[in-house]
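S.K.: In the numbering used here, the protein residues as written are 4 to 417.
(1) Could you give the C-beta distance for residue 265 and residue 310, rounded to a whole number, given that I count them as a contact under 8 Å?
(2) Specify the secondary structure class of residue 33 as computed by DSSP and reduced to three states.
(3) Just list the alpha helix (DSSP H) runs in the region 50-89, keeping only unbroken ones of 4 residues or longer that don't cross its boundaries, in chain order.
(4) I'd like to check one pair, residue 17 with residue 89: are the Cβ atoms closer than 7 Å?
(5) Please classify residue 6: is it buried, with 16 or more other beta-carbons within 10 angstroms of its beta-carbon, or exposed?
(6) State the DSSP-derived secondary structure class of residue 1, mapped to helix, strand or coil.
(7) Going by C-alpha to C-alpha distance, which of 127, 180, 133 sits closest to residue 162?
(8) Note down, in chain order, each residue of its chain lying with its Cβ closer than 7 Å to the Cβ of residue 292, except the 5 sequence neighbours on either side.
(9) If you compare alpha carbons, which of 188, 62, 147, 182 is closest to residue 121?
(10) Under the three-state reduction of DSSP, which class applies to residue 172: helix, strand or coil?
(11) For residue 346 and residue 367, I'd like the C-alpha separation in whole angstroms.
(12) Return the first residue and the last residue of the alpha helix (DSSP H) that residue 224 is part of.
(13) Just curious, the alpha helix (DSSP H) that residue 299 is in, first and last residue?
(14) Between residue 209 and residue 316, what straight-line distance do the alpha-carbon atoms span, to the nearest angstrom?
(15) Relative to the C-alpha of residue 100, which residue among 277, 176, 112, 85 is closest?
(16) Please report how far the alpha carbon of residue 357 lies from the alpha carbon of residue 164, in whole angstroms.
(17) State whether the region 60-78 contacts the region 27-38, with contact taken as three or more CB pairs (one from each stretch) at a distance under 8 Å.
(18) Applying the criterion that 16 or more other CB atoms from any shown protein chain within 10 Å of the CB defines a buried residue, is residue 9 buried or exposed?
(19) Mind the definition here: the region 389-396 touches the region 243-251 only if three or more C-beta pairs lie below 8 Å; say whether that holds.
(20) How would you call residue 96, buried or exposed, if buried means at least 16 neighbouring beta carbons within 10 angstroms?
(21) Could you check what DSSP says for residue 357 in three-state terms: helix, strand or coil?
(22) If you drop the 5 nearest sequence neighbours on each side, which residues of the same chain put their C-beta closer than 6 Å to that of residue 406?
(23) Could you compute how far the alpha carbon of residue 4 sits from the alpha carbon of residue 198?
(24) Which two residues bound the contiguous alpha helix (DSSP H) that contains residue 19?
(25) Whole angstroms is fine: what's the gap from residue 299's alpha carbon to residue 273's?
(26) Rounded to whole angstroms, how far is the Cβ of residue 40 from the Cβ of residue 78, which I believe are closer than 8 Å?
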């Protein structure tokens with residue numbers, strides 16, 4: 004272990020969501036003294052009780068251990084540390100422009116605590132140039148520190164929800180600082196708890212690498228979604244088509260769905276489009292294809308509902324992907340919201356990974372219910388997310404009902 008790494012034992016993590024909380028708790032169990040920061044008092048209280056506010060395998064055990072050991076504590080304000088990790092949201096505003104207000108607020112808050120030699124690492128997925136802006140915000144807030152007094156680097160998270168704890172340790176990490184010293188010190192920090200390779204580059208390249216990873220996925224999903232639209236038009240089973248095409252040794256078409264959601268894939272390509280709109284033509288088109296898919300599903304449901312006098316429509320799944328509770332940018336949620344606005348029939352929603360429907364859906368008259376009741380009452384079943392509980396439904400239970408299968412659930416039933 005390097006001398007630089009062994010000196011950096013106190014860490015402040017700003018943002019205790021899907022990335023910040025697992026990272027903070029992992030660091031705490033690896034011997035770091037960790038102070039977590041979140042603007043939501045209820046989240047802080049939950050964590051300090053040793054509990055969690057998000058669904059992620061193994062996270063509850065990790066947080067409980069970290070808190071009870073005294074190595075992890077949370078509050079709404081940052082404290083002094085050797086290393087500051089920024090893991091706050093980076094959504095986009097109207098017009099698909101990046102919203103860096105959360106990163107700026109976190110940076111200015113931590114800047115008050117900085118001392119010469121501290122290391123600030125931006126983990127939030129960000130547009131190219133954001134790490135440089137972090138340094139600018141620090142300089143504006145703390146002009147007394149002087150140029151180069153604080154190390155600043157970017158190391159984007161690259162984990163899969165449902166496997167976050169494992170992948171935080173095992174995945175390779177890309178680290179890019181604003182100078183060589185920042186890069187090397189950030190890399191030394193990650194080598195203390197990452198078993199994957201730590202790859203060194205510049206801050207801008209690290210930022211673009213993460214955007215490229217998610218854009219690759221988005222463009223390939225757009226191909227699958229466009230194929231699903233074409234197959235609907237030509238009366239072809241898209242799932243069987245892709246299965247057959249993928250038997251070619253050099254073809255791997257991804258699976259279509261109701262759209263693309265989550266905080267990363269549905270958002271990050273727009274950061275590239277915003278930075279280079281004239282060059283990012285394919286990326287923009289892929290985003291437009293994926294963003295249009297929910298409306299296609301809505302049209303399918305409304306058409307079927309028009310054949311019945313008082314249809315009951317059961318929508319299975321609200322999360323953006325299987326077996327998580329994450330509703331961010333979820334196309335399934337968008338579909339239910341749009342259906343509720345059009346009122347084609349009585350709407351039921353089943354989401355086994357959340358305790359209650361979002362307030363907006365409840366206000367629109369959507370009824371949350373169990374899977375069993377939904378299957379019993381529905382005339383139309385809309386499969387939006389292939390959650391594990393849905394995949395265990397016997398095919399006989401949906402016989403005689405109208406089906407809109409936006410996620411390939413039917414082929415997974417028993």
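Note that beta-carbon positions come from the ideal geometry of N, C-alpha and C, so glycine has one too.
This structure is a prediction, so every number in the text was calculated from the model and none was measured.
M.R.: Walking through what the data contain:
(1) Here residue 265 refers to the residue found at position 262 of the chain shown. Here residue 310 refers to the residue found at position 307 of the chain shown. Taking a contact as a CB-CB distance under 8 Å, the pair residue 265 and residue 310 does not count as one, their CB atoms being some 34 Å apart.
(2) Counting from one through the chain shown, the residue named residue 33 turns up at place 30. If DSSP states are grouped into helix, strand and coil, residue 33 belongs with coil.
(3) 62-71
(4) Looking up residue 89 in the chain shown gives position 86. Looking up residue 17 in the chain shown gives position 14. Using a Cβ distance threshold of 7 Å, residue 89 and residue 17 count as a contacting pair.
(5) Here the question's residue 6 lines up with position 3 in the chain shown. Residue placement at residue 6 is flagged as unreliable, the pLDDT there being 45, under the threshold of 50; the coordinate-derived value follows with that caveat. Exposed, by the Cβ-count rule.
(6) Past the boundaries of the shown model lies residue 1; the chain is included only from 4 to 417, so the question cannot be answered.
(7) Mapped onto the chain shown, residue 162 falls at position 159. The option with the nearest alpha carbon to residue 162 is 127.
(8) As a first step, residue 292 is located in the chain shown; it is residue number 289 there, counting from the start. Here the set comprises 225, 228, 229.
(9) Reading the chain shown from its first residue, position 118 is the one you call residue 121. Answer by Cα proximity: 188.
(10) On the chain shown, residue 172 is found 169 positions in, with the first residue counted as 1. Residue 172: helix per DSSP, three-state reduction.
(11) Position 343 of the chain shown, counted from the start, is the residue given in the question as residue 346. Position 364 of the chain shown, counted from the start, is the residue given in the question as residue 367. Rounded to the nearest angstrom, the two C-alpha atoms are 9 Å apart.
(12) As a working mapping, residue 224 is identified with position 221 in the chain shown. Start and end: 206-237.
(13) Residue mapping note: residue 299 aligns to position 296 of the chain shown, counting from 1. Counting along the chain, the alpha helix (DSSP H) containing residue 299 begins and ends at 284-308.
(14) The residue labelled residue 209 in the question sits at position 206 within the chain shown. The residue labelled residue 316 in the question sits at position 313 within the chain shown. Spanning the two alpha carbons is a distance of roughly 45 Å.
(15) By one-based count along the chain shown, residue 100 stands at place 97. Ranking 277, 176, 112, 85 by Cα distance to residue 100 puts 277 first.
(16) Working through the chain shown from its first residue, we reach residue 357 at position 354. Working through the chain shown from its first residue, we reach residue 164 at position 161. Spanning the alpha carbons of residue 357 and residue 164 requires a straight line of approximately 15 Å.
(17) yes
(18) Taking the chain shown and counting its residues from 1, the one referred to as residue 9 is at position 6. Caution is warranted here: a pLDDT of 45 is assigned to residue 9, below 50, making its placement in the model unreliable, and no coordinate value can be reported.
(19) no
(20) Here the question's residue 96 lines up with position 93 in the chain shown. By the neighbour-count criterion, in which a residue is buried when 16 or more other Cβ atoms sit within 10 angstroms of its Cβ, residue 96 is exposed.
(21) For this step, residue 357 is matched to residue 354 along the chain shown. Coil.
(22) Within the chain shown, residue 406 is the residue found at index 403, counting from 1. The answer, listed in chain order, is 384.
(23) Walking along the chain shown from the start, residue 4 turns up at place 1. Walking along the chain shown from the start, residue 198 turns up at place 195. A caution first: residue 4 carries a pLDDT of 38, below 50, which makes its placement in the model unreliable, though a value can still be read off. In this structure, the straight-line span from the alpha carbon of residue 4 to that of residue 198 is close to 13 Å.
(24) The sequence position of residue 19 within the chain shown is 16, counting from 1. Where residue 19 is concerned, there is no enclosing alpha helix (DSSP H), given that its DSSP letter is neither H nor E.
(25) If you number the chain shown from 1, residue 299 lands on position 296. If you number the chain shown from 1, residue 273 lands on position 270. Those two C-alpha atoms are separated by around 22 Å.
(26) As a working mapping, residue 40 is identified with position 37 in the chain shown. As a working mapping, residue 78 is identified with position 75 in the chain shown. That belief holds up - the Cβ atoms of residue 40 and residue 78 are roughly 6 Å apart, short of 8 Å.
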